[in-house]
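Chains as they are written, first to last, in my numbering: chain A, -14 to 428; chain V, 32 to 612.
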């Protein structure tokens, strides 16, 4: 196919370029050729008559009106091959680990979504060893779920923990706007866990252009999808999707789009959805699980808000703890009835009592908590926090469930916990017979 | 009308500008854009400018489209095909059957169109009119058995004026596309009819005669049936922040509501949740019919990652199908999840068209569209004197959980029942987390009005006392108030809360609702004269335990009556304590 080169650039913005050209396709890949012969990639994002708008992967800085644009006659693609395992790539798919460039099968990026009838109902629990997840918000294979956290929380540590403590066949890390030390951290953790040869990284750091950052989830997910179609269970880690949304806002703004909430583009929801919906348990193939990070100040911010409506729950991290309230796994009901008969009931009972305790915390501030029951609730809350909420304490699910019973028995009478008599008979620990919890000595 | 032809002049995501070279353009008509590989991308005219410029919203991905691509206009509005075979099916927002598409590809490749109704299946048609009979639009020509119902075959609703049947087939097996009758108007013009016809999705079907929704529709969810009911033909809205339990509530309504036909419109929602329904339902048996739940269900699965323009169409498609089954004399329930995503789709398109935005960047006309949508619900008195109803329960997902935003506000003005979901209740695992104080309904309950008032009063008292406890501590309030508070808490725990995932507790039929209410009333009315907060709480804990154990028992189960007696004895004991004191 003849690749035509055009020279009449009309405008250059932070991440956008427009030029007059004919016969150009929507979403076509193009090269910007600098006067010195250097090249940078761009993608067509809008057409109006002979006016073509392109997104510049390298950003607009340094692009001049005497640059040329060559349309490449193909859409954005990414390589796919087993040789990619263990490798690190940039947001435009170039190797950044000093390894060789990959000439392999090319697959399309941001392809259509999977037909819902080709999805299976998620059914396999992913054991993470984190009690707040395994007991209270069980993670399920093929789930899409973010960690909601303020900047500064150890969310990447948790992300890496979950990924490396479970049995994925392939781990794909998509880093958007990572600080260099975060990139280094992921790399180190993966190596320590011995998972390097089943991991691929697509990394965009702060020094790279924002359009490259925008591409990272698409590259990561396109490759992940291919592995899943081959029957592999794939884990995709995306950090951080708030950064990604901010890049989306910058580009939309540069295009003079009419903004919706807080300047984000009106299609923020659809944009996030088309990425997260790649998560699936595919009938007759493997699965794709997405664990992301959404940094935020509070959940009403447009990014976590829209994310929450797409993802199947969220893990909410605050002050280094995994919170019970605010965290949610929508798929937990698919699996927690097959773990242990008491799992669902104790999960609910513990939560109900904790929420009752939270009410007492409020009351305590008015100095009005003096009765025995309220004081016991407050003690219960302390034990709960100490024993269960640390995201870095490792416990097998069964031990964590036993621990829950111990905690209940330590603080409450049988009839106070709202559990069925059948379960209480089967699991209530007899006095002095706690399995996990060391009994506190009260004076 | 002469169908127009044209070519693409601009592409901006799903909004495509077309210059016509020939023919007239109609706002709302369907057009196909033919892209380089020959695929035909379905779209709809949403704006006409300068006489020969059409703006299309494309229902598919516009990748690889280019200026100059040819466009074919159809002259016909976006329509849904109506006839036997809809029940039990799962389609996308444009009525493409997803299982059929699934036979072709794993992915939803663009440009695929599959006949919405299976045209190989034969239906056993029994004619009900004879040659020479006078008919007009919506006259019943005959019927075929479809799953649980006798599906009436109508003269298409769009046919106007008197016609005469000049030919009708004999009783026998026919496909939806085979001609079954020919009718002729007074000028001698003939029309050949099949068992299916089309209706434009955005045009409400006219009511034969309309009546007011007053008959409660049991949902199996106690807090709704008792306190905030919906009626056959009524509308309800169900807003709440994410994580407050909308999905579980919707699934429960879909399973247990006593409607003849349930239509689930997953517009812009998570695919995983839609899948759960259409993979689960075929396995579940509807206790009322003994047949698969899917037999009375139709699912529009236009999920969040599907092209956004089709999301807008999906809500209308579900409603049109609902209106059609209402004309069959059935009680239809539409669960639309979520109307906010639908509104967001409108916002996206409006933004691309560079319309001047209203509040929160939604288009100015959003409230008009929302009220017109809910107005399609209602009770219809049909020609034969029977009634059919269409009820709509719309889920709203307000940004930031803020109920003041325009979509929630417009929905509140358009619906008859408001089920506000509360984050505080869901945090406390008090499901369904429907706000006990801030929800309301204008429809009649299964309980008497004074009984509803009686329960709401207790709940309000309970809330007031609870806030006093926070301020002054348990010691700061009287034993009498504390007992009242415990009664409200008990009502909440054993009556308003319900475990959707439990086989027995998950659904409560009207008889049991009555039985439970009577027990609750007995507890509330039994005077308790216990002293001391610890003592009082302990008593109510025992009652709660006994009540919950009873809630989980089937009425025909051994021990059901025993547990009920145990509960009553506990109540008597309370009286006993009172005597001793």
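Glycine included, C-beta positions come from ideal geometry on N, C-alpha and C. Everything numeric in this text was worked out from a predicted model, so none of it was measured.
Alpha carbon to alpha carbon, how far is residue j from residue i? Give it in angstroms, no decimals.
i                      : j                      : result
residue 574 of chain V : residue 254 of chain A : 47 Å
residue 442 of chain V : residue 434 of chain V : 10 Å
residue 612 of chain V : residue 560 of chain V : Here residue 612 of chain V scores only 34 on pLDDT, less than 50, and its place in the model should not be relied on; the value that follows carries that caveat. Spanning the two alpha carbons is a distance of roughly 7 Å.
residue 610 of chain V : residue 598 of chain V : Its pLDDT being 43, under 50, residue 610 of chain V is placed unreliably by the model, and nothing is read from it.
residue 421 of chain A : residue 414 of chain A : 11 Å
residue 92 of chain V  : residue 411 of chain V : 39 Å
residue 67 of chain A  : residue 74 of chain V  : 40 Å
residue 143 of chain A : residue 493 of chain V : 41 Å
residue 368 of chain V : residue 431 of chain V : 17 Å
residue 481 of chain V : residue 286 of chain V : 30 Å
residue 372 of chain A : residue 120 of chain A : 13 Å
residue 326 of chain V : residue 121 of chain V : 12 Å
residue 503 of chain V : residue 564 of chain V : 14 Å
residue 187 of chain V : residue 356 of chain V : 14 Å
residue 60 of chain V  : residue 90 of chain V  : 13 Å
residue 22 of chain A  : residue 125 of chain A : 50 Å
residue 76 of chain V  : residue 484 of chain V : 51 Å
residue 197 of chain V : residue 190 of chain V : 16 Å
residue 210 of chain V : residue 68 of chain V  : 35 Å
residue 319 of chain V : residue 288 of chain V : 11 Å
Output needed for residue i: all residues of its chain with C-beta closer than 8 Å, excluding positions within five of it in sequence on either side, in chain order.
i                      : result
residue 271 of chain A : 154, 212, 213, 214, 215, 216, 217, 218 and 219
residue 341 of chain A : 362
residue 127 of chain V : 143, 144, 145 and 147
residue 57 of chain A  : -12, 13, 14, 15 and 16
On the DSSP bridge assignment, give the partners of residue i in chain order.
i                      : result
residue 268 of chain V : V/425 and V/449
residue 213 of chain V : V/198 and V/223
residue 181 of chain V : V/176
residue 205 of chain V : V/154
residue 220 of chain A : A/156 and A/274
residue 296 of chain V : V/331 and V/367
residue 74 of chain A  : A/80 and A/187
residue 75 of chain V  : V/61 and V/88
residue 266 of chain A : A/272
residue 10 of chain A  : V/97
Kindly list the residues whose CB is nearer than 6 Å to the CB of residue i, restricted to its own chain and excluding five residues on each side of it in sequence; keep chain order.
i                      : result
residue 187 of chain A : 74, 159, 201, 204 and 205
residue 334 of chain A : 402, 403 and 404
residue 229 of chain A : 161
residue 591 of chain V : 584
Between residue i and residue j, is the Cβ-Cβ spacing less than 9 Å?
i                      : j                      : result
residue 405 of chain A : residue 330 of chain A : yes
residue 162 of chain A : residue 198 of chain A : yes
residue 260 of chain A : residue 461 of chain V : no
residue 38 of chain A  : residue 240 of chain A : yes
residue 36 of chain V  : residue 52 of chain V  : yes
residue 45 of chain V  : residue 338 of chain V : yes
residue 104 of chain A : residue 268 of chain A : yes
residue 578 of chain V : residue 521 of chain V : yes
residue 262 of chain V : residue 475 of chain V : yes
residue 419 of chain V : residue 265 of chain V : no
residue 158 of chain V : residue 407 of chain V : no
residue 320 of chain A : residue 275 of chain A : no
residue 274 of chain V : residue 293 of chain A : yes
residue 128 of chain A : residue 264 of chain A : yes
Identify, in the order they occur along the chain, each residue of the same chain with its Cβ nearer than 7 Å to the Cβ of residue i, setting aside the five sequence neighbours on each side.
i                      : result
residue 342 of chain V : 124, 298, 299, 333, 372, 373 and 376
If you measure beta-carbon to beta-carbon, which residues of the segment 364 to 398 of chain A are closer than 7 Å to chain V? none
Can you pull out the residues from the segment 42 to 69 of chain V whose beta carbon lies closer than 8 Å to at least one beta carbon of chain A? 42, 43, 44, 48 and 67
Contact list for the segment 555 to 580 of chain V against chain A, Cβ threshold 8 Å: 564, 565, 568, 569, 572, 573, 575, 576, 579 and 580
Would you list, in chain order, the members of the segment 74 to 96 of chain V that have their beta-carbon closer than 8 Å to a beta-carbon of chain A? 92, 93, 94, 95 and 96
Which residues, taken in chain order from the segment 332 to 354 of chain A, show a beta carbon closer than 7 Å to some beta carbon of chain V? Residues 333, 336, 337, 340, 344, 347, 348, 351, 353 and 354.
Which residues, taken in chain order from the segment 288 to 315 of chain V, show a beta carbon closer than 9 Å to some beta carbon of chain A? 297, 299, 300, 301, 302, 303, 304, 305, 306, 307, 309, 310 and 311
Short-range partners of chain V found in the segment 270 to 284 of chain A, where Cβ spacing is below 7 Å: none
Residues of the segment 139 to 157 of chain V with Cβ closer than 8 Å to any Cβ of chain A, in chain order: 139, 140 and 141
Identify each residue in the segment 326 to 355 of chain V for which the Cβ-Cβ distance to at least one residue of chain A is less than 8 Å, and report them in chain order. 332, 334, 335, 336, 337 and 339
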